[in-house]
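Q: There's a structure below that I have some questions on.
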Amino acid sequence: MEATVVTVLAKHLFSLFGDDAQECFTVGYEHYLRSLGLALCMLRHEDEIAASEYDMLPRDKLVMTKDKIYVRIVGWEPETSIGDLKAHAVDTFVSVTGTVIRVNAIKPLVVWCEFLCEKCEGVTPRYFPDGNFDPPSGCGSCKSKAALVPHRSSARTVDFQKIKLQEVDNCDAAAGRIPRMVEVELLEELVDSCVPGSVVTVCGAVKAMNSELHGGKYGKQAQASSLYVLYLVANSVTSVTQSEASSTQENVEFTAEDLDGIYKIAHMDRVFDRLIHSFCPGIFRNELVKAGLLLALFGGAQRKEDAGFTRSDSHVLMVGDPGLGKSQMLRAVSMVTPRGIYVGGNTTTTTGLTVTMVKDSSGDYALEAGALVLADQGVCCIDEFDKMGIDYQALLEAMEQQSISIAKAGIVCNLNARTSVIAAANPSGGHYNRSRSVSENLKMKAALLSRFDLIFVLLDRPDSNRDHMLSEHVMYNHLTSKQKRQRVELGAGSQKKWSQSRLDQGPPADIGDANDGSLKQRLMANWAELQETPISIYLIRRYIAYARKYIHPKLSPDAKTFLQEKYLKMRADAETSSDGIPITMRQLESLIRLAQARAKIELKDVVEVQHAYDVVEIMQECLLDTYTTEDGDLDFGRSGGLSLSKKVKAYMARLKKAAITRNSTKFSMDELLEVANSMALQVDDFRDFIDILRNECYVLKQGPNVYKVQL
């Protein structure tokens, strides 16, 4: 029997039957769906049915012998939250939207079968609604109670699959509440219609199942339980995120008010500056860091190549002393982005971050998505990045290839992880040590750090002028709205007159004229003016979604030339370092992505020179913070980590010589320290120094107080 799928828009269907049609359909959906399928089938075979009036075959029997039509309802309104699926919703038709966090294997489900009577050989057909196998208790012909044997060759099966949905993150949800989840059953052509991490809208019926049976238990004792579990039987599944690989944006709809607000923002003066000051306003004097985070939120433009699509998402790392607002900025990023996931590194596992295999109640394996997969086409914010007790190798593929591969329990697959990773980390030891590189401060390998487009080093430097301005800014944020109005009415002035009092007395040396081309000087000179008219978080969120969906800028010839010249200059400066060349093609690709994001902020289709200039300034600021030594000198060799350190080279050369002399590659900690003392090696903590050697695989620990040198 051939099956045909017909998709019907809910509002068009109900417009034909009046105002009460939706209410009737919600409760009696099964009858309406069957009637619609029969009506469409009769309409399709209208000529054959008309000809059957002269035949002995009944018209309804003729229709039953033809193909079957499945009616799929889409666009059902109003949409129900997964958290609102409770007892009152049982046996009703609803529409829910959620993120797919688990996908089970596809199995055959028997829906109809014939049973043979061993006594009279009569045939008794049986239909199994809702997938419950319930054989007949007796023969329909001879009324015998003898056992009936199923005729397996007559069984009709359909494809069956279970998925689990989790409600989409909502900023208005109560803080600390566990996200609600619901299982969904897919039948027929709906199976394999989504993957972990997809955001889908499911229209279907709410059903209830005995909790013991749901857990895989059977028997009378299991059926005696009065506790039930709710689940959905899907009628239609619609992907909210674009399934095509060429699309990286959400299928977002914009209201007239949204478009009006987006138009006003796009036509403001200094849009980039205003967005920076409106984003996380509680953070002061870290404007370039907020600028880098905004560029990562907007993202670059994808480019199609023969091997696939190039990465358009930028990764940002914030590292530095505690108490400088890194976690606060991460929270702001997760709230502003149209799709964001926030996780803590100290409570995250490898599988929780990527993907894992779990067993369901039947013993089969199912894929369960982690944070990076759930944040597909969005942003994944990782706090306490340095405290992640996992193997960082799991992040390498996700950050560069934007996919996660898994080969386990006979399942080999790739899942999309097209996400921007924005992380915050504290250095080991509590405070950032300028005498060490970023790799040494975080105890991370250079392979992972090189995948970040921007690395901001935040230091808590004593500065009386800056501290006074920052304290005034914090105190102003703690005023109530009434107190702020009173300041204006009494003539004390707005935030401009109050928080800028120190600026009026004399700006710091790094603040220039408002018309200066430097982004940092421009932001600080216009700080008070821009703070008075902040843009709401909701509008920023819609503005980002609009830019990511519709704006795909390309580089102008002048911008190409400018970026190329700046890259070659940074490359030439790096060559002067005797410790290596950290500036690679990844930096050039990062500059291109960030420049495209800078053009997106102004909703422009072409990257101009000014956009490239701002991006290069942010990149150079990161390079200065990353490569500056404790003496204020610029050392490009510091980015590569310890493998480029002169101390390590000298120590390893002496250690290898000692191993050859004693004809043994194994040393104790005291013997390692003795070698260091023989060459007058100066390090802050020798055990930390050995840990760094172990991270770089120069030295392997083979047991308690036993270390092996790699020759």
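Start counting the sequence shown at 1; every next residue gets the next number (UniProt numbering).
Here a beta-carbon is modelled for each residue, glycine too, at the ideal position from N, C-alpha and C.
Computed from a prediction, not measured in an experiment: that's the story for all the values here.
#1: Alpha carbon to alpha carbon, what distance is there between GLU696 and VAL709?
#2: Between VAL168 and the rest of its own chain, which residues show a CB-CB distance below 7 Å, the 5 nearest in sequence each way excluded?
#3: When the distance is taken between beta carbons, is PHE456 closer than 7 Å to MET318?
#4: Evaluate TRP76 with the Cβ neighbour count: other Cβ atoms within 10 Å of its Cβ, from every protein chain shown; 16 or more gives buried, anything less gives exposed.
#5: On the three-state DSSP scale, how would you describe ALA375?
#6: By the DSSP assignment, the beta strand (DSSP E) with ARG156 in it spans what residues?
#7: Keeping to the same chain, check which residues put their C-beta closer than 6 Å to that of CYS120; ignore five residues upstream and five downstream.
#8: Give the straight-line distance between the Cα atoms of CYS171 and GLN328, rounded to the nearest whole angstrom.
#9: Do you know how far the Cα of ILE265 is from the Cα of ASP460?
#10: Using a Cβ distance threshold of 8 Å, determine whether the region 583-592 contacts the region 533-544, with at least three qualifying pairs required.
#11: Specify the secondary structure class of GLY28 as computed by DSSP and reduced to three states.
#12: Are there 16 or more other CB atoms within 10 angstroms of the CB of LYS408, so buried, or fewer, so exposed?
#13: Using a Cβ-Cβ cutoff of less than 6 Å, which residues in the same chain neighbour ALA599 once the five nearest sequence positions on both sides are dropped?
#14: In the DSSP assignment, find the beta strand (DSSP E) that holds LYS107 and state where it starts and stops.
#15: Around the C-beta of VAL616, are 16 or more other C-beta atoms found within 10 angstroms, so that it is buried, or is it exposed?
#16: Identify whether ASP360 lies in helix, strand or coil by the three-state DSSP scheme.
#17: Since THR99 is in the beta strand (DSSP E), which residue starts that stretch and which ends it?
#18: Considering SER15, what are the terminal residues of the beta strand (DSSP E) in which it resides?
#19: Would the beta-carbon of GLU118 fall within 7 Å of that of HIS151?
#20: Could you spell out the range, first to last residue, of the beta strand (DSSP E) harbouring THR351?
#21: For ALA301, does the three-state DSSP call read helix, strand or coil?
#22: Ordered along the chain, which non-local residues of its own chain (more than five positions away) have a Cβ less than 6 Å from that of ILE341?
#23: Spell out a yes or no on whether the region 673-686 and the region 700-708 are touching, meaning 3 or more CB-CB pairs, one atom from each, closer than 8 Å.
#24: Using a Cβ-Cβ cutoff of less than 8 Å, which residues in the same chain neighbour ARG156 once the five nearest sequence positions on both sides are dropped?
#25: Residues in the same chain with beta-carbon distance under 7 Å from LEU275, minus the five sequence neighbours each way, listed in chain order, please.
#26: Tell me, to the nearest whole angstrom, how far the beta carbon of LEU454 is from that of ILE618; I am working on the premise that it is less than 8 Å.
#27: Alpha carbon to alpha carbon, what distance is there between ALA446 and ARG311?
#28: Go to GLY261, then tell me how far its alpha helix (DSSP H) extends in each direction, as first and last residue.
#29: For GLY512 and TYR613, what's the separation of their Cα atoms in angstroms?
#30: Pop quiz: GLY345 and ILE404 are said to be a contact at Cβ under 8 Å. What is the actual Cβ separation, rounded to whole angstroms?
#31: What are the residues that DSSP puts in a beta bridge with GLY423?
#32: Using the three-state DSSP reduction, which class does VAL609 fall into: helix, strand or coil?
#33: CA-CA distance, LEU324 and TYR546?
#34: Helix, strand or coil: how does DSSP classify LYS143 here?
#35: Should SER236 be labelled buried (16 or more other beta-carbon atoms within 10 Å of its own) or exposed?
#36: Just to confirm before moving on: does the CB-CB distance between GLY261 and ALA597 stay below 7 Å?
A: By the coordinates alone:
#1: 12 Å
#2: THR97, GLY98, THR99, VAL199
#3: yes
#4: buried
#5: coil
#6: 148-167
#7: SER141, CYS142
#8: Any reading at CYS171 must be qualified, since the residue scores a pLDDT of 48, below 50, and its modelled position is unreliable; no value is offered.
#9: 34 Å
#10: no
#11: coil
#12: exposed
#13: PRO553, VAL607, HIS611
#14: 107-117
#15: So VAL616 counts as buried.
#16: Three-state DSSP puts ASP360 in coil, outside helix and strand.
#17: 93-103
#18: First-last for SER15: 10-15, but that is the alpha helix (DSSP H), not the beta strand (DSSP E).
#19: Cβ distance not < 7 Å, so GLU118 and HIS151 don't count as in contact.
#20: Not the beta strand (DSSP E): THR351 falls in the alpha helix (DSSP H), residues 350-353.
#21: coil
#22: Excluding positions up to five away in sequence, the list reads ALA371, LEU374, ALA375, CYS380.
#23: no
#24: Cβ neighbours of ARG156 beyond the five flanking positions: VAL110, VAL111, TRP112, CYS113.
#25: LEU294, ILE535, ILE540, ILE601
#26: 7 Å
#27: 20 Å
#28: 256-266
#29: Summary for GLY512: the model assigns pLDDT 37, below 50, so the residue's position carries little reliability, and this model does not support an answer.
#30: About 18 Å separates the two Cβ atoms, so there is no contact after all.
#31: Per the sequence shown, the amino acid found at residue 423 is Ala instead of Gly. According to the DSSP secondary-structure assignment, ALA423 is paired through a beta bridge with LEU317, ILE382.
#32: VAL609 falls in the helix class under three-state DSSP.
#33: In this structure, the CA atom of LEU324 is about 31 Å from the CA atom of TYR546.
#34: coil
#35: With at least 16 other beta carbons inside 10 angstroms of its own, SER236 counts as buried.
#36: no
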